[in-house]
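K.L.:
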């Protein structure tokens, strides 16, 4: 049976001249996992919200949306509440309660289920999503990823058969996003829940989806199975930017369906090698120049530094020694909650260490993990003008592609846009040392490559970048040196290629695929080492 | 028997209503001494010996201040201690009244402290949710928003300090900046309320025939606590209403009807106020027994 039959001729927001959606025609089968992908501003959110009347945007609508064979407008409110769950991209804003247990049981209470049934439904949901240990916690003690899982549980506890997810991971880091999508995939495969997901970075959930629909300026620009997205027309370069490394590497050598995972890509390469269709060079890339003989200048030096937030608390950082070279991009990687952000705050002189020596040679500017925390004035332009003049603001807004949102309220723009605006504001502080905490979180993939260039230009002028990220692809393109943070301390600094090659988990998919043969760490490098016979 | 802090919320509320009403209405020194000592003991049983710091920092000074304030500002009483320059009498009775009032205030502070400890926001929502769903929803959202605003305020100050826009320009500018940040946090909360209302409506808020889920179950222990509390409260009330708690401070200090019969009411009141202690101690004894058994094994 078809879950949704969508036929939208046009939709315009009230008081708007421009059509937000135009000529949308698609159907979603029961149990299908469909991704609606596109850049920020392509009207993905508008389309998703139209699929449930209680959250539909108001405006001029022409067309028809059918749910389970009936016009959506005729499906009663109670039935839609029971059958259609909705999770949006704001982990904090969509929660109602201060307690996890109350948040998860909220929907079931509204549906009038008896207490024993609510207990069972909530308990099952928590067990299924692996969040039983969060049940008695307060929502403000949860991390972003945990909050979003609780929001998902709050919806799943009501036992819907359809899940509408509106960019649920745009404010999460990659590892939290993966956990979230793993949970969604489990619900789809094991419960048969129909999933309709809107995403501007569908790389990870592609492996779970049955179909992906591309939206561009409110129109469908393409539709394909995930394995065939590289054959879809790509005017904006969006598909190339979001396609996984496995597809990019095998695309020139395979016709038909391309692999979505590392394992499938490895198998395909083995098969092509055995059939003598390709050869893979085993030579390594040239190592960077050995600068051991040269005098090194350091932007930041930590020696035996320890720090804790509270007098009676545990050390977050203990006896840490780290030297960040001037003019280089140095990255810190490690598990969530290990203390990396705290280390960045120490380097930015937001806090002082309790012991050890910290030397910072130059002015620092820190891009925090939560970009909205840099904004407190009415418009983005007003916020940027605090530390810069009008000319500088317009120049930086061109560079970061935020000219069209300068007059917007910071809380009204998308996650990707505010991340760019926050990065722009950090640059406007004119630092010698840029300290970035998850700088690509929520950023459109197309802009990430521009951002990589901006950072390169920054360090080419002799300035320094220290960053923390889970985005290994971004690291592979930008970092000069990487170190691992674990158990309150750092491991030794290694060159980026050496680190990515030696690491089994904190590395790129391209490196995992090519590790058997050579030390390529990006898809482009891998392609240089594979020749068609 | 379970700990008193795990009591079914409505039972806990009924208990504390009894305790507060009697603490505030009984002015007899014996009742007040029982209130003060038992509420201190209960508070220590919940929060540990650190409560004595609160007692020394807040309660003792309150007793001293109220005693002296009342003593020197009230000029009634039979027992004149000395005369002030202006001709006003400083009498013993106002000091006594001030002292017992101070003890009363201390007891109420300690009772509220222990109430605050055991009556968490979860329990408040549970109680409100059954009788006043909209109020309960408003309270739960307020309980969520206030720490969230505080957290965001600190994050924003930290973030601005990280780019040099806070902390370096002097106290006045920092104060003005903090005020701007707080204003923006509040407007952000208002903006987010639109998203929150969407989330609530999409999860069925407004549907008729909603139910209420609570983590708390009315168990056999709760029945015992309730019966015990009600019986003791009734006996205490009977004693007070019969005049067994009557005391005069003006113009002379006299404890009326304080005899062997009043001892019964004092004991009942003491037992009422030690209900939490009895339940907490019985749990400690039980666990010590379990420890002994497991050590022997």
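Protein chains in written order, with the working numbering: chain A, 207 to 739; chain B, 4 to 300.
In this text, a Cβ means the ideal position worked out from N, Cα and C, and glycines have one as well.
Quick one: what does DSSP say residue 712(A) is sitting in, helix, strand or coil?
P.N.:
coil
K.L.:
Can you grab the Cα-Cα spacing for the pair residue 311(A) / residue 457(A), in whole Å?
P.N.:
47 angstroms
K.L.:
What did DSSP end up calling residue 91(B) once you bin it into helix, strand or coil?
P.N.:
coil
K.L.:
Considering only their Cβ atoms, is the gap separating residue 217(B) from residue 156(B) smaller than 9 angstroms?
P.N.:
no
K.L.:
Can you find at least 3 beta carbon pairs, one from the segment 704-713 of chain A and one from the segment 82-98 of chain B, that sit closer than 8 angstroms?
P.N.:
no
K.L.:
Near residue 332(A), what residues of its chain come up, given a Cβ to Cβ distance below 8 angstroms and the 5 sequence neighbours on each side ignored?
P.N.:
310, 338, 340, 341 and 359
K.L.:
Between which two residues does the beta strand (DSSP E) harbouring residue 545(A) extend?
P.N.:
Looking at the DSSP string, residue 545(A) is not in any beta strand (DSSP E), and its letter there is neither H nor E.
K.L.:
Going straight from the alpha carbon of residue 159(B) to that of residue 165(B), what length do you get?
P.N.:
For residue 159(B) and residue 165(B), the distance between alpha carbons rounds to 10 angstroms.
K.L.:
Please name the residues in the segment 194-213 of chain B whose beta-carbon is closer than 9 angstroms to at least one beta-carbon of chain A, in chain order.
P.N.:
Those residues of the segment 194-213 of chain B placed with their C-beta closer than 9 angstroms to a C-beta in chain A are 194, 195, 196, 197, 198, 199, 201, 202, 203, 204, 205, 206, 207, 208, 209, 210, 211, 212 and 213, ordered along the chain.
K.L.:
From which residue to which residue does the alpha helix (DSSP H) around residue 417(A) run?
P.N.:
Premise fails: residue 417(A) lies in the beta strand (DSSP E), 417-422, not in any alpha helix (DSSP H).
K.L.:
Which parts of the segment 620-693 of chain A are runs of the beta strand (DSSP E), unbroken and 3 residues or longer, counting only runs that do not cross its ends?
P.N.:
639-643, 670-674 and 687-692
K.L.:
Please compile the residues from chain D whose C-beta is within a distance smaller than 8 angstroms of the C-beta of residue 125(B).
P.N.:
Included in the structure are the protein chains A and B, with no chain D among them.
K.L.:
Within this structure, are the beta carbons of residue 159(A) and residue 440(A) separated by less than 9 angstroms?
P.N.:
Lying outside 207 to 739, the shown extent of chain A, residue 159(A) is not represented and no answer is given.
K.L.:
Let's test the definition: count the other Cβ atoms within 10 Å of the Cβ of residue 487(A) and tell me whether it reaches 16, buried, or not, exposed.
P.N.:
Exposed, since its Cβ has fewer than 16 Cβ neighbours within 10 Å.
K.L.:
Between residue 299(A) and chain B, is there a C-beta pair that is closer than 9 angstroms?
P.N.:
Yes, residue 299(A) counts as interfacial toward chain B.
K.L.:
Taking residue 685(A) and residue 635(A) to be in contact with their CB atoms under 8 angstroms, please state how far apart those CB atoms are, rounded to whole angstroms.
P.N.:
So it is not a contact: roughly 22 angstroms between Cβ atoms.
K.L.:
On the DSSP letters alone, give me the boundaries of the alpha helix (DSSP H) that residue 229(A) sits inside.
P.N.:
Counting along the chain, residue 229(A) falls outside any alpha helix (DSSP H), though it belongs to the beta strand (DSSP E) covering 225-235.
K.L.:
Does the Cβ-Cβ distance between residue 510(A) and residue 536(A) come in under 9 angstroms?
P.N.:
no
K.L.:
Please report how far the alpha carbon of residue 529(A) lies from the alpha carbon of residue 382(A), in whole angstroms.
P.N.:
29 angstroms
K.L.:
Under 7 angstroms Cβ to Cβ from residue 434(A), same chain only, skipping five residues before and after it: list those, please.
P.N.:
Excluding residues within five positions, the ones whose Cβ falls inside 7 angstroms are 463.
K.L.:
So does the segment 582-593 of chain A actually touch the segment 658-674 of chain A, counting three or more Cβ pairs closer than 8 angstroms?
P.N.:
no
K.L.:
Residues in its own chain within less than 7 angstroms of residue 514(A) by CB, not counting five upstream and five downstream?
P.N.:
520, 521, 522 and 560
K.L.:
Restricting to Cα atoms, I'd like to know which of 98(B), 210(B) and 71(B) is closest to residue 83(B).
P.N.:
98(B)
K.L.:
Can you check whether the C-beta of residue 90(B) is within less than 9 angstroms of a C-beta belonging to chain A?
P.N.:
It does not; no Cβ of chain A falls within 9 angstroms.
K.L.:
Consult DSSP for residue 215(A) and reduce its assignment to one of helix, strand or coil.
P.N.:
strand
K.L.:
Please classify residue 220(B): does DSSP put it in a helix, a strand, or coil?
P.N.:
coil
K.L.:
Could one say the Cβ of residue 468(A) lies closer than 9 angstroms to chain B's Cβ atoms, at least one of them?
P.N.:
The beta carbon of residue 468(A) sits no closer than 9 angstroms to any beta carbon of chain B.
K.L.:
Tell me which residues of the segment 243-261 of chain A have at least one Cβ-Cβ distance to chain B shorter than 7 angstroms, keeping chain order.
P.N.:
Correct list: 258, 260 and 261.
K.L.:
For residue 85(B) and residue 31(B), what's the separation of their Cα atoms in angstroms?
P.N.:
Distance between the alpha carbons of residue 85(B) and residue 31(B) is about 26 angstroms.
K.L.:
Tell me the start and end of each unbroken beta strand (DSSP E) in the segment 413-465 of chain A that is at least 3 residues and wholly inside, in chain order.
P.N.:
Listed in chain order, they are 417-422 and 425-430.
K.L.:
Given a cut-off of 9 angstroms, decide if residue 448(A) and residue 408(A) are closer than it, judged by their beta-carbon atoms.
P.N.:
yes
K.L.:
Look at the alpha carbon of residue 200(A) and the alpha carbon of residue 378(A), and state the distance between them as a whole number of angstroms.
P.N.:
In the structure as shown, chain A starts at 207 and stops at 739, and residue 200(A) therefore has no counterpart that could be examined.
K.L.:
Specify, as a first and last residue, the run of the beta strand (DSSP E) that residue 273(A) falls within.
P.N.:
265-273
K.L.:
Can you give the Cα-Cα distance for residue 611(A) and residue 348(A), rounded to whole angstroms?
P.N.:
Near 31 angstroms, if we compare the C-alpha coordinates of residue 348(A) and residue 611(A).
K.L.:
Quick check on residue 159(B) - is its C-beta less than 9 angstroms from some C-beta in chain A?
P.N.:
yes
K.L.:
List, from N- to C-terminal side, the alpha helix (DSSP H) runs of 4 residues or more that fit wholly inside the segment 323-368 of chain A.
P.N.:
350-362
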